[in-house]
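S.K.: Dropping the structure in here first, questions after.
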Amino acid sequence: MYTFFTIVRRDLLIAFRNRYELINPLMFFIMVIVLFPLAIGSDRQMLQPLTAGMIWVTALLASTLSLEAIFRSDFEDGSIEQFTLANYPLVGLVLAKVFAHWLITGVPLILVALLVGGFLALNDAALFCLLLTLLLGTPILSLIGAIAVALTIGLRGGMLLSLLILPLYMPVLIFAMLAMNNASDGLSIAAELYFLAGILVLALTLSPIATAAALRIRLS
Amino acid sequence: MWFALLCFVTGLYGGLVMAPADYQQGDSFRIIYIHVPSAWMSLFVYMVIAVNSAIVLIWRVKISEVIARSSAALGASFTFLALATGSIWGKPMWGTWWVWDARLTSELILLFLYLGYIALQSAFEDRRVAARAGAILALVGVVNIPIIKYSVEWWSTLHQPATISKIGTPSIHIDMLIPLLLMTIAFMCYFFSVLLVRCRSEILEYESNTAWVKDLLTNKGSAA
Chain A
2 MYTFFTIVRR
12 DLLIAFRNRY
22 ELINPLMFFI
32 MVIVLFPLAI
42 GSDRQMLQPL
52 TAGMIWVTAL
62 LASTLSLEAI
72 FRSDFEDGSI
82 EQFTLANYPL
92 VGLVLAKVFA
102 HWLITGVPLI
112 LVALLVGGFL
122 ALNDAALFCL
132 LLTLLLGTPI
142 LSLIGAIAVA
152 LTIGLRGGML
162 LSLLILPLYM
172 PVLIFAMLAM
182 NNASDGLSIA
192 AELYFLAGIL
202 VLALTLSPIA
212 TAAALRIRLS
Chain B
14 MWFALLCFVT
24 GLYGGLVMAP
34 ADYQQGDSFR
44 IIYIHVPSAW
54 MSLFVYMVIA
64 VNSAIVLIWR
74 VKISEVIARS
84 SAALGASFTF
94 LALATGSIWG
104 KPMWGTWWVW
114 DARLTSELIL
124 LFLYLGYIAL
134 QSAFEDRRVA
144 ARAGAILALV
154 GVVNIPIIKY
164 SVEWWSTLHQ
174 PATISKIGTP
184 SIHIDMLIPL
194 LLMTIAFMCY
204 FFSVLLVRCR
214 SEILEYESNT
224 AWVKDLLTNK
234 GSAA
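Protein chains in written order, with this note's numbering: chain A, 2 to 221; chain B, 14 to 237.
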């Protein structure tokens, strides 16, 4: 447990020393959101039903772009190799790194998304639902994404990474959007949230194992 | 290979000529003789890849690496064929090339999974590393396929309830069923024969520096 938090603390420290890398995904997120009204038109009636979808799709893209940072610098300076040799199980280290990455990118994204959702005229129920789905959804994105990052790290091109993970992200998007639709119709969103939570538990247990295996393969 | 061709020809003949025309859809239903077997094959090939991937990760059997690698392109083409024939059929029947129906969407996602798998394999220089990396991806995909399937079904049923009635498989007439089964056997045999050919060339290419391959080549050259 101590090692777990040491890794988390180390990654957070690195992130706060490079503040711009922290801000870049958020800037990207806001800019893409701004693109939608420019492309579709500023009519509130037309934008409102699309808002939740826009926010979620943009969040997917932003998390895809920021994912590579989970392992890149550690892969380049060889820290990953030391991790695999360490006395501590690699699965735990992977989990710590993903957790730190979620704290760095996921949590700010959720806050900004709430802000943007408020600007784009989501009502309170929809905003609350957005908060819950993002809280459950973004860790899943980081966990699944970590597998693909571990597989593609050091290979040329970031396109490959998005090709691999976007199909795997689709269930999360679907359940989140089902919940958002129910919320805007004033229905219960419990079922979708339970499903998201279920996927989260599944990802939490299985994905670190797959990620650790992928890292070992890449280093062998 | 010849058996596959035989089944294919008789199945096609039975399907296109002998089977009675559907009372509702007329002759256009006959495309199911391509569509349904290729849709079945698209799932079956993914299972072949997944099983071989598990073997690769657990026992590191080399031949399984080759099989998984060679199956991927075939599986992707079956998936594409299922989608293409489906939309050709959908144009006269549903009046549109594409509907965001649950089955269509999950088949499309399956195609993306195949393409991602192929892309990942081709990104590595070393084939053995590629095989093991691909194996992990294939197994992650297997865990995801049921989730994708059910989530897409729910999503679709909420958005467009009961607009489409699918082909009623239990009520299919025996004259239509026999050619369909023949075609499925043909597709199976085709898959395995092409798979073996691909595996052979894959192994020869991989081992092209070894003595036995050179020996084989020179012997063949002298015999011919």
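Glycine included, C-beta positions come from ideal geometry on N, C-alpha and C.
Small disclaimer: the values here were computed from a predicted structure and weren't measured.
Return yes when the Cβ of Pro172/A is within less than 8 Å of the Cβ of Ile200/A, no when it is not.
M.R.: Working through the first sequence from its first residue, we reach residue 200/A at position 199. Working through the first sequence from its first residue, we reach residue 172/A at position 171. In contact: Ile200/A and Pro172/A (Cβ atoms closer than 8 Å).
S.K.: Touch check for the region 10-19 of chain A and the region 99-109 of chain A: three-plus C-beta pairs under 8 Å?
M.R.: Short answer: they touch.
S.K.: Am I right that Leu61/A and Leu174/A are in contact with their C-beta atoms under 8 Å? What's the rounded C-beta distance?
M.R.: As a working note, residue 61/A is residue 60 in the first sequence. As a working note, residue 174/A is residue 173 in the first sequence. Right, the Cβ-Cβ distance comes to about 6 Å (below 8 Å), so this counts as a contact.
S.K.: May I ask which residues mark the beginning and end of the alpha helix (DSSP H) holding Glu77/A?
M.R.: Numbered from its first residue, the first sequence carries residue 77/A at position 76. Unbroken alpha helix (DSSP H) run through Glu77/A: 73-78.
S.K.: State the Cα-Cα distance for the pair Val22/B and Ile148/A, rounded to the nearest angstrom.
M.R.: As a working note, residue 22/B is residue 9 in the second sequence. As a working note, residue 148/A is residue 147 in the first sequence. If you take the alpha carbons of Val22/B and Ile148/A, they lie about 45 Å apart.
S.K.: Cβ of Ala115/B within 8 Å of Cβ of Val165/B?
M.R.: Looking up residue 115/B in the second sequence gives position 102. Looking up residue 165/B in the second sequence gives position 152. For Ala115/B and Val165/B, yes; Cβs fall inside 8 Å.
S.K.: With 16 as the cutoff for other CB atoms within 10 Å, does Phe17/A come out buried or exposed?
M.R.: Within the first sequence, residue 17/A is the residue found at index 16, counting from 1. It counts as exposed.
S.K.: Ends of the alpha helix (DSSP H) at Phe313/B?
M.R.: Past the boundaries of the shown model lies residue 313/B; chain B is included only from 14 to 237, so the question cannot be answered.
S.K.: Looking only at its own chain, which residues have a Cβ that is under 7 Å from the Cβ of Val49/B, when we skip the five neighbours before and after it?
M.R.: Mapped onto the second sequence, residue 49/B falls at position 36. Excluding positions up to five away in sequence, the list reads Leu193.
S.K.: For Asn183/A and Glu22/A, I'd like the C-alpha separation in whole angstroms.
M.R.: On the first sequence, position 182 is the one that residue 183/A refers to. On the first sequence, position 21 is the one that residue 22/A refers to. Asn183/A and Glu22/A: Cα-Cα distance of roughly 36 Å.
S.K.: Would Asn65/B be called buried (16 or more neighbouring beta carbons within 10 Å of its own) or exposed?
M.R.: Stepping through the second sequence from its first residue, residue 65/B is reached at position 52. Buried.
S.K.: Consider the Cβ of Pro168/A: report whether some Cβ of chain D lies at a distance smaller than 8 Å.
M.R.: Absent here is chain D; the protein component of the structure consists of chains A and B.
S.K.: Can you give the Cα-Cα distance for Ala81/B and Thr109/B, rounded to whole angstroms?
M.R.: As a working note, residue 81/B is residue 68 in the second sequence. As a working note, residue 109/B is residue 96 in the second sequence. Roughly 36 Å between the two C-alpha positions.
S.K.: Can you tell me which of the three DSSP states Ala122/A falls into?
M.R.: Here residue 122/A refers to the residue found at position 121 when the first sequence is read from its first residue. Here Ala122/A sits in coil by DSSP.
S.K.: Is the Cβ of Val58/B closer than 8 Å to any Cβ of chain A?
M.R.: Start at 1 with the first residue of the second sequence, and residue 58/B comes out as number 45. No, Val58/B does not count as interfacial toward chain A.
S.K.: In the region 129-161 of chain B, which residues sit with their C-beta less than 7 Å from some C-beta in chain A, listed in chain order?
M.R.: Here the close residues are Gly129, Ala132, Leu133, Ala136, Val142, Arg145, Ala146, Ile149, Leu150, Val153, Val156, Asn157, Ile160, Ile161.
S.K.: Does DSSP put Tyr127/B in a helix, in a strand, or in coil?
M.R.: In the second sequence, residue 127/B corresponds to position 114, counting from 1. DSSP places Tyr127/B in helix when its eight states are reduced to three.
S.K.: Using a Cβ-Cβ cut-off of 8 Å, state whether Leu126/B counts as contacting chain A.
M.R.: Your numbering for residue 126/B matches position 113 in the second sequence. True, the Cβ-Cβ gap to chain A drops below 8 Å.
S.K.: Starting from Ser164/B, find everything on chain A with Cβ-Cβ shorter than 7 Å and list it in chain order.
M.R.: Sequence index remark: in the second sequence, residue 164/B carries index 151 (1-based). The answer, in chain order, is Pro172, Ile175, Phe176.
S.K.: So, at 8 Å on beta carbons, what are the nonlocal neighbours of Leu244/A in its own chain, with the 5 sequence-adjacent residues on each side left out?
M.R.: Limits of chain A in this structure are 2 at one end and 221 at the other, which puts residue 244/A out of reach.
S.K.: So Leu133/B and Leu150/B are supposed to be a Cβ contact under 8 Å. How far apart are they, rounded?
M.R.: By 1-based counting over the second sequence, the position of residue 133/B is 120. By 1-based counting over the second sequence, the position of residue 150/B is 137. Indeed they touch by this definition, with Cβ atoms about 6 Å apart.
S.K.: Identify the continuous alpha helix (DSSP H) that holds Ser189/A and give its terminal residues.
M.R.: As a first step, residue 189/A must be located in the first sequence, where it is residue number 188. Looking at the DSSP string, Ser189/A is not in any alpha helix (DSSP H), and its letter there is neither H nor E.
S.K.: Establish whether the CB of Ala175/B and some CB of chain A are separated by less than 8 Å.
M.R.: For this step, residue 175/B is matched to residue 162 along the second sequence. Bear in mind that the predicted position of Ala175/B carries a pLDDT of just 40, short of 50, making it too unreliable to give a figure here.
S.K.: With Arg152/A and Ala215/A assumed to form a contact (beta carbons below 8 Å), what rounded beta-carbon distance in angstroms separates them?
M.R.: Taking the first residue of the first sequence as 1, we reach residue 152/A at position 151. Taking the first residue of the first sequence as 1, we reach residue 215/A at position 214. For the sequence presented, residue 152/A should be read as Leu rather than Arg. Going by Cβ atoms, the distance from Leu152/A to Ala215/A rounds to 5 Å, so yes, they are a contact pair.
S.K.: If I measure Cβ to Cβ from Ser83/B and keep anything under 8 Å in the same chain, skipping five residues before and after, which residues do I get?
M.R.: Taking the second sequence and counting its residues from 1, one reaches residue 83/B at position 70. Here the set comprises Leu208, Arg211, Cys212, Glu215.
S.K.: What residue range is occupied by the uninterrupted alpha helix (DSSP H) comprising Val69/B?
M.R.: Mapped onto the second sequence, residue 69/B falls at position 56. Where Val69/B is concerned, the enclosing alpha helix (DSSP H) stretches over 45-72.
S.K.: According to DSSP, is Glu69/A helix, strand or coil?
M.R.: Translated into positions along the first sequence, residue 69/A becomes position 68. In the structure shown, Glu69/A sits in a helix (DSSP, three-state: H, G or I).
S.K.: Do Ile154/A and Ala72/A come within 8 Å of each other at the CB atom, strictly closer than that value?
M.R.: As a first step, residue 72/A is located in the first sequence; it is residue number 71 there, counting from the start. As a first step, residue 154/A is located in the first sequence; it is residue number 153 there, counting from the start. For clarity, residue 72/A is Phe in the given sequence; the question names Ala instead. Yes. Within cutoff.
S.K.: In chain order, what residues of the same chain lie with their CB nearer than 6 Å to the CB of Leu123/A, ignoring the 5 residues before and after it?
M.R.: Here residue 123/A refers to the residue found at position 122 of the first sequence. Cβ within range, chain order: Thr52.
S.K.: Using a cut-off of 8 Å between C-beta atoms, extract the partners of Ile62/B located in chain A.
M.R.: Stepping through the second sequence from its first residue, residue 62/B is reached at position 49. Those within 8 Å of Ile62/B in chain A number zero; the least Cβ separation is about 15 Å.
S.K.: Thinking C-beta only, is Trp167/B closer than 8 Å to Leu179/A?
M.R.: Here residue 179/A is taken as the residue at index 178 of the first sequence, counted from 1. Here residue 167/B is taken as the residue at index 154 of the second sequence, counted from 1. Taking 8 Å as the Cβ cut-off, Leu179/A and Trp167/B qualify as a contacting pair.
S.K.: If you count every other CB in all the chains shown that lies within 10 Å of the CB of Phe120/A, and 16 or more means buried, which is it?
M.R.: Numbered from its first residue, the first sequence carries residue 120/A at position 119. Phe120/A should be labelled exposed.
S.K.: Going along the chain, which residues of its own chain have a beta-carbon closer than 7 Å to the beta-carbon of Pro183/B, five neighbours each way excluded?
M.R.: For the purposes of this step, residue 183/B is identified with residue 170 of the second sequence, where counting begins at 1. Residue confidence is low: Pro183/B scores 49 on pLDDT, short of 50, so the model does not pin down where it sits. Its coordinate-derived value is still stated next. There are no such residues.
S.K.: Along chain A, which residues have their Cβ under 8 Å away from the Cβ of Ile191/B?
M.R.: Taking the second sequence and counting its residues from 1, one reaches residue 191/B at position 178. The contacting residues do not exist; Ile191/B stays about 36 Å from chain A at best.
S.K.: Residues in the same chain with beta-carbon distance under 7 Å from Glu212/A, minus the five sequence neighbours each way, listed in chain order, please.
M.R.: To locate residue 212/A, count along the first sequence from 1; it is residue 211. The question names Glu, yet the displayed sequence has Thr at residue 212/A. The residues are Val95, Ala147, Ile148, Ala151.
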